[in-house]
Structure formats: C-alpha cells, structure tokens
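Residue numbers (our numbering): 4 to 326.
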C-alpha cells in the first residue's frame with residue numbers, strides 16, 4: 004500500500020464524525036434561533052386567564068395548553084424573521100453578534116426555510132386544535148410583522164408594541180377559557196412588561212450604544228429611569244387593585260394580601276436593583292428566573308394565590324378542613 008493510499012484510508016473514516024458534528028452544531032443553532040429560553044413567556048402569560056376562568060375542567064385546560072403551544076410557535080417564528088431582518092444591526096452589538104444568523108452559523112436561506120416550517124406547524128396547530136377564537140394570535144402576528152418592518156424604529160412606540168404582545172398572549176388565554184377579560188389584570192401585565200422592556204433598553208444604551216437599534220436614539224438613561232419608576236408604580240397599583248376588587252380569591256383575600264404585598268414589593272425592588280445597580284437588565288428572563296430572591300417571592304405569591312383561588316372555587320374544602 005502506497006503512502007497516498009494509507010493517507011486516504013486514514014482520512015475517510017474521520018470525515019463521518021466531523022460531518023456528524025457539523026450537522027449537530029447546525030441543529031443546535033437552528034434550535035437557538037427559536038429562542039427556547041423565551042418559551043417561558045408563553046407558559047406564564049397565556050394561562051394567566053385561568054384565574055378568571057368560569058370553570059377549571061378538562062376542555063378548558065386543553066384549550067389553554069393548545070393556546071400556549073400556538074403562541075410558542077408564533078413567537079419562535081417572529082424571532083427567526085426578526086433575526087433575519089436584523090442580522091446586519093446585530094453584528095454591531097457585543098452580544099447579539101454571536102446569534103446564529105448574525106455570526107454566519109446559519110445561512111439566511113436555511114433560516115427562511117426554518118421560518119416556513121414554523122409557519123406550517125402554526126397553521127396546522129390552529130386548524131387541528133380545539134375550537135376557540137384565534138383573533139389575539141392573528142393580531143400578534145400582524146403587529147409583530149409591522150414591528151419588524153417599521154415600528155421597532157420608532158422610540159416609545161417600539162416598547163409599547165412589545166408589551167402589547169404580552170397582553171395579546173393573555174387575551175388568547177381568555178379566548179381559550181371563555182372568561183371575561185379583566186381590564187385591571189391586563190393593565191398590570193402591560194405596565195409590568197414595560198418595566199422589563201425598559202430595563203433591557205437601558206442596559207443596551209449603557210453597554211452597546213444606539214448603533215444596533217435605531218430606536219434607542221430616542222432614549223437615554225435618564226428617560227429610561229423615569230419610565231421605569233412610572234411603570235413600576237402603575238404595575239404595582241393596578242395589580243393590587245385587581246387583587247382587592249376583581250380577583251376571585253374570597254374568602255382568603257385578606258390573608259393573600261398580607262403575603263402578596265410585601266413579597267411583591269420585595270421582588271419589584273430586587274428587579275429594579277438588578278437593573279439600576281447591578282446592571283443586569285440586558286436579559287430580563289435571566290434576571291427574573293436566576294435571582295433566588297425574585298424566584299422565591301414569585302413562588303410564594305403564586306402558591307398563596309393558587310390556594311385562595313382553589314378555596315374560592317371549592318368552598319367545601321374549607322368546610323372539610325374545619326372539621
């Protein structure tokens with residue numbers, strides 16, 4: 004066997020593992036494009052409507068879960084399309100330049116193919132799912148398309164559009180449960196989301212300047228700080244007003260308020276501290292889900308609200324516990 008033949012024989016088997024590695028790396032990049040770390044937004048926002056649902060039963064829970072899946076597909080589709088549109092601007096950002104499309108790890112034609120696949124799955128999910136109104140999802144897609152093309156470049160309007168996307172998630176939950184939408188709860192969601200978005204904008208201004216996002220030219224740190232304080236106050240006030248008046252948590256309402264008020268304020272204080280002092284507002288999901296104080300407070304608040312709502316829906320449980 005010649006030296007050339009030996010070299011060929013040694014290199015050919017090694018090509019297969021390298022090809023497999025490349026395929027797996029590309030698959031990971033494609034999954035990253037769909038932002039699985041942000042799916043929690045849909046898991047948390049859509050089922051909020053269950054608090055006002057007329058009944059908790061199998062069909063209601065099925066429709067709610069289906070709405071979560073549909074919004075997850077829709078939001079992933081929007082993320083991919085936005086990353087395609089923003090690839091040149093993302094290259095000017097110290098963190099976003101590593102995104103799969105901006106970095107060149109995923110070719111643009113392949114990204115469009117992924118978007119088409121997600122769109123197909125979304126249509127199939129809506130058509131094959133249980134009967135419900137899908138108008139919030141349709142409005143979300145139309146608003147997201149307008150945001151991607153124009154609205155994201157308009158200061159102040161850009162953050163309102165993003166926050167409206169979360170309100171539409173909750174409205175889709177109401178469409179799934181059939182319950183009446185609470186204006187106070189929707190206002191709390193809208194203003195609370197504005198707090199998270201403003202924290203992100205503030206971090207972007209401080210870290211990367213305005214070159215990667217033209218709308219940031221209409222902001223500065225001082226404006227972001229004022230808007231953060233305003234919206235944090237509105238979010239807290241409207242949510243507490245909802246708990247005082249509309250939330251179905253009788254007869255345990257006083258006890259719930261004793262838990263929610265201090266813990267809710269503590270979580271809000273901690274988030275503002277992470278944005279204004281610790282400079283961690285660039286990734287709101289990470290700031291919320293990886294902070295032990297915020298996670299613990301949210302878990303205790305959620306538990307208190309769940310117990311109160313179960314007691315309100317099934318009063319016989321309280322009678323049984325008193326025996």
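The C-beta atom is built at its ideal place from N, Cα and C for all residues, glycine as well.
Local conformation of residue 96 per DSSP, three classes:
As a working mapping, residue 96 is identified with position 93 in the chain shown. For residue 96, the secondary structure class from DSSP, reduced to helix, strand or coil, is coil.
Given a cut-off of 8 angstroms, decide if residue 98 and residue 180 are closer than it, judged by their beta-carbon atoms.
Within the chain shown, numbered from 1, the residue matching residue 180 stands at position 177. Within the chain shown, numbered from 1, the residue matching residue 98 stands at position 95. It is not a contact, given that the beta carbons lie outside the stated cut-off.
For the stretch 51-132, list the alpha helix (DSSP H) runs that are entirely contained and at least 4 residues long, ordered along the chain.
DSSP runs (the alpha helix (DSSP H)) wholly in the stretch 51-132: 61-88, 90-93, 111-131.
Own chain residues within Cβ distance below 6 angstroms of residue 135, not counting five before or after:
On the chain shown, residue 135 is found 132 positions in, with the first residue counted as 1. Excluding sequence neighbours, residue 135 sits near 66, 178, 179.
Beta-carbon proximity of residue 73 to residue 132, cut-off 8 angstroms:
Within the chain shown, residue 73 is the residue found at index 70, counting from 1. Within the chain shown, residue 132 is the residue found at index 129, counting from 1. A contact, by the Cβ cut-off of 8 angstroms.
Mark residue 89 as exposed unless 16 or more other C-beta atoms lie within 10 angstroms of its C-beta, in which case mark it buried.
Within the chain shown, the letter at position 86 stands for residue 89. By the neighbour-count criterion, in which a residue is buried when 16 or more other Cβ atoms sit within 10 angstroms of its Cβ, residue 89 is buried.
Go ahead and label residue 96 buried or exposed: buried means 16 or more other beta carbons lie within 10 angstroms of its beta carbon, across all protein chains shown.
Along the chain shown, read from residue 1 onward, the residue named residue 96 stands at position 93. Buried, because 16 or more other Cβ atoms sit within 10 Å of the Cβ of residue 96.
Inter-stretch contact (C-beta, 8 angstroms, three-pair minimum) for the stretch 265-276 and the stretch 214-229
With a cut-off of 8 angstroms, the stretch 214-229 and the stretch 265-276 do not count as touching, because too few Cβ pairs lie within range.
Go to residue 283, then tell me how far its alpha helix (DSSP H) extends in each direction, as first and last residue.
Working through the chain shown from its first residue, we reach residue 283 at position 280. Looking at the DSSP string, residue 283 is not in any alpha helix (DSSP H), and its letter there is neither H nor E.
Using a Cβ-Cβ cut-off of 6 angstroms (strictly less than) and excluding sequence neighbours within five positions of residue 201, which residues of its own chain qualify?
What you label residue 201 is simply residue 198 of the chain shown in a count that begins at 1. Cβ within range, chain order: 227, 230, 231.
Among 241, 190, 286, 281, whose alpha-carbon lies nearest the alpha-carbon of residue 329?
Missing from the structure shown is residue 329; the chain here goes from 4 to 326 and no further.
Can you give me the C-alpha to C-alpha distance between residue 172 and residue 143, rounded to a whole angstrom?
Indexing the chain shown from 1 puts residue 172 at position 169. Indexing the chain shown from 1 puts residue 143 at position 140. If you take the alpha carbons of residue 172 and residue 143, they lie about 8 angstroms apart.
CA-CA distance, residue 37 and residue 234?
Within the chain shown, the letter at position 34 stands for residue 37. Within the chain shown, the letter at position 231 stands for residue 234. If you take the alpha carbons of residue 37 and residue 234, they lie about 29 angstroms apart.
According to DSSP, simplified to helix, strand and coil, what is residue 293?
By one-based count along the chain shown, residue 293 stands at place 290. Correct three-state label for residue 293: coil.
Which word fits residue 307, buried or exposed, when buried means at least 16 other C-beta atoms lie within 10 angstroms of its C-beta?
Taking the chain shown and counting its residues from 1, the one referred to as residue 307 is at position 304. Buried.
Go through its chain and collect everything with a Cβ distance to residue 118's Cβ below 7 angstroms, but skip five positions before and after it.
Here residue 118 refers to the residue found at position 115 when the chain shown is read from its first residue. Excluding residues within five positions, the ones whose Cβ falls inside 7 angstroms are 80, 83, 84.
Can you tell me where the alpha helix (DSSP H) with residue 46 in it begins and where it stops?
Position 43 of the chain shown, counted from the start, is the residue given in the question as residue 46. For residue 46, the enclosing alpha helix (DSSP H) stretches over residues 43-48.
To the nearest angstrom, report how far apart residue 7 and residue 23 are at their CA atoms.
To locate residue 7, count along the chain shown from 1; it is residue 4. To locate residue 23, count along the chain shown from 1; it is residue 20. Its pLDDT being 47, under 50, residue 7 is placed unreliably by the model, and nothing is read from it.
With 16 other Cβ atoms within 10 Å as the buried cut-off, status of residue 194
Locating residue 194 in the chain shown gives position 191, counting from the first residue. Residue 194 is buried by the Cβ-count criterion.
So residue 146 and residue 164 are supposed to be a Cβ contact under 8 angstroms. How far apart are they, rounded?
Here residue 146 corresponds to residue number 143 of the chain shown, with the count starting at 1. Here residue 164 corresponds to residue number 161 of the chain shown, with the count starting at 1. That belief holds up - the Cβ atoms of residue 146 and residue 164 are roughly 6 angstroms apart, short of 8 angstroms.
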